[in-house]
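Visitor: This is the structure, below, for whatever I ask next.
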Amino acid sequence: MNLVAAASVALGEFRLDVELDIPRDETIAVLGPNGSGKTTLLRVLAGLRPLDAGRVVFGDAVFDDPQTGAFVAPEHRPIGVVFQDYALFPHLDATENVAFGLRAHGVRRGEARTTARSWLHRVGLGDHASARPAELSGGQQQRVALARALAPEPHILLLDEPLAALDASSRSAMRKELRTHLGSFAGVRLLVTHDPIDAHMLADRIVILEHGQICQTGTLSELAARPSSPYVAELAGTNLLTGRLEGSMFIAVSGVRIATAGIQAEGPGFLVIPPSSIALHRDRPSGSPRNTWNLTIVAINAYAGRVRVQLGGALELIAEITPSATADLALQPGQRVWAAVKAVEIHAQPL
Amino acid sequence: MTRHGRRRSRPETRPRAPVAVVVAGVIGAALFALPLFGLIWRVPWSELGAVLGDESSRTALRLSLWCSLWAGAISVLAGVPLAWLLARVRFRGRAATRALCTLPMVLPPVVGGVALFFAFGRRGVVGQYLDRWFDVRLPFTTWGVVMAQAFVAMPFLILTVEAALRQVDPQIEDAARSLGASPWYVFRRVTLPTIRPALIAGAVLAWARALGEFGATITFAGSFPGRTQTLPLAVYLALETDPRAALVLSLVLVTVSFAVLIALRDHWFSGASRLVDR
Numbered sequence: 001m002n003l004v005a006a007a008s009v010a011l012g013e014f015r016l017d018v019e020l021d022i023p024r025d026e027t028i029a030v031l032g033p034n035g036s037g038k039t040t041l042l043r044v045l046a047g048l049r050p051l052d053a054g055r056v057v058f059g060d061a062v063f064d065d066p067q068t069g070a071f072v073a074p075e076h077r078p079i080g081v082v083f084q085d086y087a088l089f090p091h092l093d094a095t096e097n098v099a100f101g102l103r104a105h106g107v108r109r110g111e112a113r114t115t116a117r118s119w120l121h122r123v124g125l126g127d128h129a130s131a132r133p134a135e136l137s138g139g140q141q142q143r144v145a146l147a148r149a150l151a152p153e154p155h156i157l158l159l160d161e162p163l164a165a166l167d168a169s170s171r172s173a174m175r176k177e178l179r180t181h182l183g184s185f186a187g188v189r190l191l192v193t194h195d196p197i198d199a200h201m202l203a204d205r206i207v208i209l210e211h212g213q214i215c216q217t218g219t220l221s222e223l224a225a226r227p228s229s230p231y232v233a234e235l236a237g238t239n240l241l242t243g244r245l246e247g248s249m250f251i252a253v254s255g256v257r258i259a260t261a262g263i264q265a266e267g268p269g270f271l272v273i274p275p276s277s278i279a280l281h282r283d284r285p286s287g288s289p290r291n292t293w294n295l296t297i298v299a300i301n302a303y304a305g306r307v308r309v310q311l312g313g314a315l316e317l318i319a320e321i322t323p324s325a326t327a328d329l330a331l332q333p334g335q336r337v338w339a340a341v342k343a344v345e346i347h348a349q350p351l
Numbered sequence: 001m002t003r004h005g006r007r008r009s010r011p012e013t014r015p016r017a018p019v020a021v022v023v024a025g026v027i028g029a030a031l032f033a034l035p036l037f038g039l040i041w042r043v044p045w046s047e048l049g050a051v052l053g054d055e056s057s058r059t060a061l062r063l064s065l066w067c068s069l070w071a072g073a074i075s076v077l078a079g080v081p082l083a084w085l086l087a088r089v090r091f092r093g094r095a096a097t098r099a100l101c102t103l104p105m106v107l108p109p110v111v112g113g114v115a116l117f118f119a120f121g122r123r124g125v126v127g128q129y130l131d132r133w134f135d136v137r138l139p140f141t142t143w144g145v146v147m148a149q150a151f152v153a154m155p156f157l158i159l160t161v162e163a164a165l166r167q168v169d170p171q172i173e174d175a176a177r178s179l180g181a182s183p184w185y186v187f188r189r190v191t192l193p194t195i196r197p198a199l200i201a202g203a204v205l206a207w208a209r210a211l212g213e214f215g216a217t218i219t220f221a222g223s224f225p226g227r228t229q230t231l232p233l234a235v236y237l238a239l240e241t242d243p244r245a246a247l248v249l250s251l252v253l254v255t256v257s258f259a260v261l262i263a264l265r266d267h268w269f270s271g272a273s274r275l276v277d278r
């Protein structure tokens with residue numbers, strides 16, 4: 001059962017015009033800055049904002065079609081929504097918050113509370129079952145919000161900036177947890193975020209939204225290799241590697257060791273290398289850069305006055321250089337080059 | 001609350017009051033304190049029991065309670081939905097409707113009574129049909145008192161509840177809808193509990209205003225002992241015939257008003273802290 005939307009909504013000057021087809025068992029991240037229409041899209045799918053034109057269909061069920069007048073109210077859609085800032089009910093404790101959806105669906109009180117408690121256990125909040133939202137930390141509120149959305153067993157899970165309200169330390173832990181929960185949810189999953197790292201870590205496919213329009217769709221490495229516009233390159237066109245941190249040294253999955261600066265950590269981590277910080281050389285550079293790798297040019301793509309060189313081998317990287325540099329180096333696909341990057345240009349974080 | 005917080009954290013910023021401001025302020029406070037002092041000074045404490053035990057006083061007191069509780073209940077039952085509509089639904093003439101619903105707060109109560117009379121009197125625009133079709137007559141009846149009191153009191157509830165509704169995070173109601181709750185379920189289980197402190201404050205305020213209502217009541221319902229003569233009306237009439245009784249009955253009203261203020265202060269504080277917690 002796919003969630004298929006051709007959504008058109010006008011909000012004053014702003015227009016959202018989006019076509020999406022989300023299969024079951026796939027996580028989609030809608031990536032865009034504030035004001036790009038991400039939240040509006042999510043509200044349209046949830047039925048909290050009716051369409052002006054277009055159609056939203058889930059399997060055989062027409063959720064919204066202004067032409068025929070069909071409209072399924074949010075309470076009758078099989079959805080679970082995790083709202084930005086969580087929107088927990090302040091007058092109810094954690095158990096009652098999670099039980100709310102079940103109660104609204106007519107489940108008896110005792111049974112709803114039992115189910116709610118088991119959900120709180122699953123998100124690691126078994127000890128906070130009777131805490132009010134105001135007594136919980138941001139990360140704990142997030143878990144309650146997730147449990148509350150999942151408890152009525154929806155077929156579509158929508159998350160609005162699920163990690164934006166968390167501080168950096170709880171953020172990476174929560175990201176990992178969220179990944180697990182998303183993986184075990186059998187249904188359509190859509191999350192909205194402004195953070196390319198969240199999008200990459202949590203989603204199978206990224207949809208880039210700009211001014212209410214989808215400008216590109218793909219995985220993060222696809223978007224980085226062939227950004228359709230400077231906007232996409234800016235937003236998602238970066239190198240992101242996962243691996244392990246040992247002190248200030250990062251060990252990529254392939255075993256390549258990468259020196260970083262400004263971090264001391266042990267355990268799983270990830271690395272961001274901006275494509276423009278990677279320099280390409282025909283011969284092995286002598287001098288300062290500790291991070292030099294001999295890689296193969298996979299492809300060369302030009303966009304908006306820039307050139308993106310896709311590199312393969314021990315590391316898969318995207319380097320961005322100017323067209324004149326490309327000409328000077330006489331770069332060709334299949335050729336081997338030396339890629340160099342300074343440790344200070346590399347941003348590493350524990351996962 | 002802010003003042004307490006500021007005093008604790010930055011005592012040096014507390015301004016020194018200019019003398020002229022202090023003098024004017026003291027005069028202002030005296031305007032409230034002196035009449036109260038005069039009243040309490042002259043209350044014949046020895047006759048307290050006798051006046052309160054007197055059948056006519058008890059009748060007025062009973063009638064006042066009965067009418068004001070009904071007026072308070074009607075204010076809640078009609079005022080909360082009205083406040084919800086004003087806060088949540090965009091419709092043409094919403095600003096005008098809001099002004100209309102709060103007009104009695106600034107209208108002289110006597111004028112309200114006159115307006116009620118010409119609307120619901122036996123010859124009134126609506127009253128003649130109530131009389132002819134339903135055999136219902138409101139002026140100079142106990143229900144007329146309730147109506148006059150509700151007319152004057154309900155705006156206090158509407159204003160308090162509407163302000164609270166505007167404070168409720170709309171995402172909370174959206175969240176409830178997304179969890180399968182119908183709009184009515186959301187209203188009962190999410191909206192109402194969230195605004196509970198304001199609802200209680202508004203209801204008590206409206207009830208207290210109804211209890212003290214004078215002008216609209218005497219104009220629309222007259223002053224018949226046992227039927228429409230509420231406590232404030234009794235006080236006014238007793239002033240000419242039995243000033244001591246007037247003093248005692250006034251004391252009752254002052255006591256009730258004070259109790260309401262104290263109760264509300266606690267409610268407003270707990271309500272405010274709850275909002276801050278969130």
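The listed protein sequences derive, respectively, from chains A and B. Residue 1 is where the first sequence starts when you use our numbering, and the numbers rise one by one after that. Residue 1 is where the second sequence starts when you use our numbering, and the numbers rise one by one after that. Note that the Cβ used here is the ideal one computed from N, Cα and C, for glycine as well.
1) Could you list which residues in chain A have their beta carbon closer than 9 Å to that of B/Val254, in chain order?
2) Counting only C-beta atoms, is A/Asp85 closer than 8 Å to chain B at any point?
3) As an exercise, report each continuous alpha helix (DSSP H) stretch of at least 4 residues that is fully enclosed by the stretch 49-109 of chain A, in chain order.
4) Going straight from the alpha carbon of B/Leu261 to that of B/Gly93, what length do you get?
5) For A/Ser254, which of A/Arg244, A/Ala165, A/Gly262, A/Ser248 has the nearest alpha-carbon?
6) Can you give me the Cβ contacts of B/Val235 inside the same chain, cut-off strictly under 6 Å, excluding the 5 residues immediately before and after it?
7) Quick one: list the residues of chain B neighbouring A/Gly101, beta-carbon separation under 7 Å, in chain order.
8) Out of curiosity, what's the CA-to-CA distance linking A/Ile321 and A/Val309?
9) Given a cut-off of 8 Å on the beta-carbon distance, is the pair A/Ala149 and A/Leu157 in contact?
10) Could you check whether A/Ala339 and A/Ala319 sit closer than 8 Å to each other, using their CB atoms as the reference points?
11) Tell me whether B/Thr228 is buried or exposed, calling it buried when 16 or more other Cβ atoms sit within 10 Å of its Cβ.
12) Could you check whether the Cβ of A/Glu75 sits closer than 8 Å to any Cβ belonging to chain B?
13) Compare the C-beta of A/Ala104 with all C-beta atoms of chain B and state if any pair is closer than 8 Å.
14) Under the rule that 16 or more other beta-carbon atoms within 10 Å means buried, what is B/Arg36, buried or exposed?
15) Using the C-alpha atoms, what's the distance from A/Arg189 back to A/Thr27?
16) Taking the alpha-carbon of A/Ala116 as reference, which of A/Ser137, A/Val144, A/Phe89, A/Gly138 has the nearest alpha-carbon?
17) Which residue comes first and which comes last in the beta strand (DSSP E) that contains B/Gln229?
18) Taking beta-carbon pairs under 8 Å, can you tell me which members of the stretch 190-204 of chain B lie near chain A?
19) Give the straight-line distance between the Cα atoms of B/Val114 and B/Phe220, rounded to the nearest whole angstrom.
20) Say whether chain B places a C-beta atom closer than 8 Å to the C-beta of A/Gly269.
21) Classify A/Ser184 as helix, strand or coil using the three-state DSSP reduction.
22) Please compile the residues from chain B whose C-beta is within a distance smaller than 9 Å of the C-beta of A/Arg148.
23) Could you compute how far the alpha carbon of A/Phe63 sits from the alpha carbon of A/Leu42?
24) Per DSSP, which one or two residues make a beta bridge with B/Trp45?
25) Suppose the cutoff is 7 Å on Cβ atoms and the five residues either side in sequence are ignored; what does the same chain contact list for A/His181 look like?
26) Please go through the same chain and pick out, in chain order, the residues whose beta-carbon is closer than 7 Å to the beta-carbon of B/Leu159, but skip the five residues on each side of it.
27) B/Pro167 CB to nearest chain A CB: under 8 Å?
28) Along the beta strand (DSSP E) that carries A/Glu266, what are the first and last residues, could you check?
29) Give the residues of chain A in contact with B/Ile172, contact being defined as C-beta atoms less than 9 Å apart.
30) Determine the chain A residues that contact B/Tyr185 at a beta-carbon separation under 7 Å, and present them in chain order.
31) Tell me the DSSP secondary structure of A/Gly139 in three-state form.
32) Along the chain, where does the beta strand (DSSP E) that runs through B/Ser56 open and close?
33) Leaving out five residues on either side along the sequence, give the residues of the same chain with a beta carbon under 8 Å from the beta carbon of A/Val72.
34) Kindly indicate which three-state DSSP category B/Thr241 falls into: helix, strand or coil?
35) With a threshold of 7 Å on Cβ separation, who are the neighbours of B/Phe151 within its own chain once the five nearest residues in sequence on each side are excluded?
Guide: Judging by the given coordinates:
1) Mapped onto the second sequence, residue 254 of chain B falls at position 254. Within chain A, no residue comes near B/Val254; the closest Cβ sits about 35 Å away, beyond 9 Å.
2) Against the first sequence, residue 85 of chain A aligns to sequence position 85. A/Asp85 counts as touching chain B.
3) 94-104
4) Locating residue 261 of chain B in the second sequence gives position 261, counting from the first residue. Locating residue 93 of chain B in the second sequence gives position 93, counting from the first residue. Rounded to whole angstroms, B/Leu261 to B/Gly93 spans 34 Å at the Cα level.
5) Here residue 254 of chain A refers to the residue found at position 254 of the first sequence. Nearest option by C-alpha distance: A/Arg244.
6) By 1-based counting over the second sequence, the position of residue 235 of chain B is 235. Correct list, in chain order: Ala246, Leu249, Ser250.
7) In the first sequence, counting from the first residue as 1, residue 101 of chain A sits at position 101. Proximity of chain B to A/Gly101 at the Cβ level (cut-off 7 Å) is accounted for by Leu179, Gly180, in chain order.
8) The residue labelled residue 321 of chain A in the question sits at position 321 within the first sequence. The residue labelled residue 309 of chain A in the question sits at position 309 within the first sequence. In a straight line, the C-alpha of A/Ile321 is about 8 Å away from that of A/Val309.
9) Locating residue 149 of chain A in the first sequence gives position 149, counting from the first residue. Locating residue 157 of chain A in the first sequence gives position 157, counting from the first residue. Their beta carbons are under 8 Å apart, which means A/Ala149 touches A/Leu157 by this criterion.
10) As a first step, residue 319 of chain A must be located in the first sequence, where it is residue number 319. As a first step, residue 339 of chain A must be located in the first sequence, where it is residue number 339. The answer is yes: Cβ separation under 8 Å.
11) Along the second sequence, read from residue 1 onward, the residue named residue 228 of chain B stands at position 228. By the 10 Å Cβ count, B/Thr228 comes out buried.
12) If you number the first sequence from 1, residue 75 of chain A lands on position 75. So, interface residue.
13) The residue labelled residue 104 of chain A in the question sits at position 104 within the first sequence. A/Ala104 counts as touching chain B.
14) For the purposes of this step, residue 36 of chain B is taken as residue 36 along the second sequence, with counting starting at 1. Note on residue identity: the sequence assigns Leu, not Arg, to residue 36 of chain B. Classification of B/Leu36: exposed, given that the 10 Å Cβ count is below 16.
15) Translated into the one-based positions of the first sequence, residue 27 of chain A becomes position 27. Translated into the one-based positions of the first sequence, residue 189 of chain A becomes position 189. Cα to Cα, the separation comes out at about 5 Å.
16) The sequence position of residue 116 of chain A within the first sequence is 116, counting from 1. With distances taken between Cα atoms, A/Ala116 lies closest to A/Val144.
17) If you number the second sequence from 1, residue 229 of chain B lands on position 229. Taken as a continuous stretch (DSSP letters only), B/Gln229 belongs to no beta strand (DSSP E), as it is neither H nor E.
18) Val190, Pro193, Thr194, Arg196
19) Numbered from its first residue, the second sequence carries residue 114 of chain B at position 114. Numbered from its first residue, the second sequence carries residue 220 of chain B at position 220. Going from the Cα of B/Val114 to the Cα of B/Phe220 covers about 7 Å.
20) Along the first sequence, read from residue 1 onward, the residue named residue 269 of chain A stands at position 269. Judged by the 8 Å Cβ criterion, A/Gly269 is not in contact with chain B.
21) In the first sequence, residue 184 of chain A corresponds to position 184, counting from 1. Here A/Ser184 sits in helix by DSSP.
22) Here residue 148 of chain A corresponds to residue number 148 of the first sequence, with the count starting at 1. Ordered by position in chain B, the residues that pass the 9 Å Cβ test against A/Arg148 are Ala175, Leu179.
23) Taking the first sequence and counting its residues from 1, one reaches residue 63 of chain A at position 63. Taking the first sequence and counting its residues from 1, one reaches residue 42 of chain A at position 42. Approximately 13 Å, taken between the alpha carbons.
24) Here residue 45 of chain B corresponds to residue number 45 of the second sequence, with the count starting at 1. Partner(s): none; B/Trp45 has no beta bridge.
25) Within the first sequence, the letter at position 181 stands for residue 181 of chain A. Within the same chain, A/His181 has close Cβ partners Leu146.
26) Taking the second sequence and counting its residues from 1, the one referred to as residue 159 of chain B is at position 159. For B/Leu159, where only same-chain residues beyond five positions count, the Cβ hits under 7 Å are Thr102.
27) For the purposes of this step, residue 167 of chain B is taken as residue 167 along the second sequence, with counting starting at 1. Residue identity check: residue 167 of chain B is Gln in the sequence provided, not Pro. Not an interface residue.
28) For the purposes of this step, residue 266 of chain A is taken as residue 266 along the first sequence, with counting starting at 1. Unbroken beta strand (DSSP E) run through A/Glu266: 265-273.
29) Taking the second sequence and counting its residues from 1, the one referred to as residue 172 of chain B is at position 172. Within chain A, the C-beta atoms nearer than 9 Å to that of B/Ile172 come from Phe83, Ala87, Leu88, Phe89, Pro90, in chain order.
30) Within the second sequence, residue 185 of chain B is the residue found at index 185, counting from 1. Residues of chain A passing the Cβ test: Ala104.
31) Walking along the first sequence from the start, residue 139 of chain A turns up at place 139. A/Gly139 falls in the helix class under three-state DSSP.
32) Position 56 of the second sequence holds residue 56 of chain B. Run containing B/Ser56: none in the beta strand (DSSP E); it sits in the alpha helix (DSSP H), 55-88.
33) Here residue 72 of chain A refers to the residue found at position 72 of the first sequence. Cβ neighbours of A/Val72 beyond the five flanking positions: Gly47, Ala61, Val62, Phe63, Asp64.
34) Position 241 of the second sequence holds residue 241 of chain B. Helix.
35) As a first step, residue 151 of chain B must be located in the second sequence, where it is residue number 151. Excluding sequence neighbours, B/Phe151 sits near Pro104, Gly112, Leu116, Ala216.
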